[in-house]
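Heads up: the sequence shown is residues 925 to 1177, going by the numbering used here. Beta carbons are placed, not taken as given, at the ideal position from N, Cα and C, and that holds for glycine. This one's a predicted model, so the numbers in the text were calculated from it and none came from an experiment. Data first, discussion second: the structure below is written as structure tokens.
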Amino acid sequence: MSSQPTQSFFPPPSIRTTVPFANWAGILCVLGLASCTLSGCQDGPLYALKTANPYYSMGEWKRDDAIGVTDHERRKQLALLAETIHRMPVKKQQFWAGHLNQMIENDESPEMRRLAVRAAGRLQDPSAMAILEKGLDDDSVKVRMEACHSLGRMTGDEAARTLAATVGTETSGDVRHAAIEALASHKNQIAIDSLKVALSDRNPATRDLAVQSLKGATGKNYGDDPQVWIAALDGKPTQQVETRFAERVRNFF
């Protein structure tokens, strides 16, 4: 039984002796580029080189900046906008509101949409609520969570009502918890009623978080037992727990 010769990716000995190693390295590189071009690499023909060579990744942003704005730079600029947009003149905020709305609708990056939602939450403009509602409908959990955080920083019954609706309808536990946590800053009956319902949730973590948020929403402390809180919210005589000094300082700030 004759055996078939094994095909090798390296050149035959006769050629290896006549072509320097450096040249073969270049040839292999070209073959890799051709293969990548034909198969369609996700990150361009130099993806493997980027992964294997730390020197490439260290200087990658610097070289890419010379060609155009990188995703890294876009993220940095949008994060800065999110921290400063509330101090801009009204007309500037209105200008950016349109761009943030388009970004939430069209940007493929969940991280960029998350930052757009964060920036929208700091707008002093009526359009902010509509943008945050789009954030609550986003496919990405982290975008929806950011929308909850932003609604927690807003004032007014509409923000509290939107958070309460999220607690009642959201399928993601992480997003529900973000909404419950955000309700702590809304000291109104809408928030209290929503958190009272959450006290009877089957998930112990949800009940515990509802208790902590009720402490913020009511300004009272009936301890950590959800049943005690239900009794207190139903108007039954319930003694408050004396707040510790560390917690008073935390609530003050």
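- Annotation: the continuous alpha helix (DSSP H) that includes Leu1157 extends over Pro1150 to Leu1157.
- About 5 Å separates the Cβ atoms of Ala1103 and Leu1087, confirming a contact at the 8 Å cut-off.
- Straight through space, the alpha carbons of Val1165 and Asn1145 are spaced by roughly 6 Å.
- Annotation for Ser1109: no alpha helix (DSSP H) segment contains it, and DSSP assigns it neither H nor E.
- Spanning the alpha carbons of Gln1001 and Ile1154 requires a straight line of approximately 46 Å.
- No Cβ-Cβ contact shorter than 9 Å links Lys1058 with Pro1034.
- With a contact defined as Cβ atoms closer than 8 Å, Leu1060 and Ala1052 miss out at about 13 Å.
- Across the set Ala1141, Ala1129 and Arg1037, the C-alpha of Arg1037 shows the shortest separation from the C-alpha of Ile1028.
- Non-local C-beta neighbours of Gln1018 in its own chain, meaning closer than 7 Å and more than five positions away in sequence, comprise Asp1049, ordered along the chain.
- Distance from the CA atom of Met1069 to the CA atom of Arg1046, rounded to whole angstroms, is 15 Å.
- In terms of Cα proximity to Gln1113, the closest of Trp1020, Gly1140 and Ala1043 is Gly1140.
- Taking C-alpha positions only, His1023 is separated from Asp1081 by approximately 26 Å.
- No residue range can be given for Thr1095, since it is assigned to no alpha helix (DSSP H) and is classified by DSSP as neither H nor E.
- In this structure, DSSP gives Pro1128 a helical state, which the three-state scheme calls helix.
- Going by DSSP, Asp995 is part of the alpha helix (DSSP H) stretching over Asp995 to Thr1008.
- Across the set Ala1115, Ala1054 and Ala1021, the C-alpha of Ala1115 shows the shortest separation from the C-alpha of Ala1089.
- Remark: C-beta atoms of Val1091 and Val1121 approach each other more closely than 9 Å.
- With a contact defined as Cβ atoms closer than 8 Å, Leu1039 and Arg999 qualify at about 7 Å.
- By the neighbour-count criterion, in which 16 or more other beta carbons inside 10 Å mark a residue as buried, Arg1042 falls on the buried side.
- Exclusion of the five residues before and after Glu1094 leaves Arg1100 and Ala1103 as the residues of its chain whose Cβ lies within less than 7 Å of its Cβ.
- Secondary structure at Asn1145: coil, using DSSP grouped into helix, strand and coil.
- Going by C-alpha positions, Asp995 is about 29 Å away from Met1078.
- Of Ser1064, Ala1106, Ser1096 and Leu1005, the smallest CA-CA separation from Ala1084 is found for Ala1106.
- DSSP places Thr1079 in the coil class of the three-state scheme, outside both helix and strand.
- For Gln1017, the enclosing alpha helix (DSSP H) starts and ends at Val1014 to Asn1030.
- The beta carbon of Lys1016 lies closer than 6 Å to none in the same chain, with the five residues before and after it left out.
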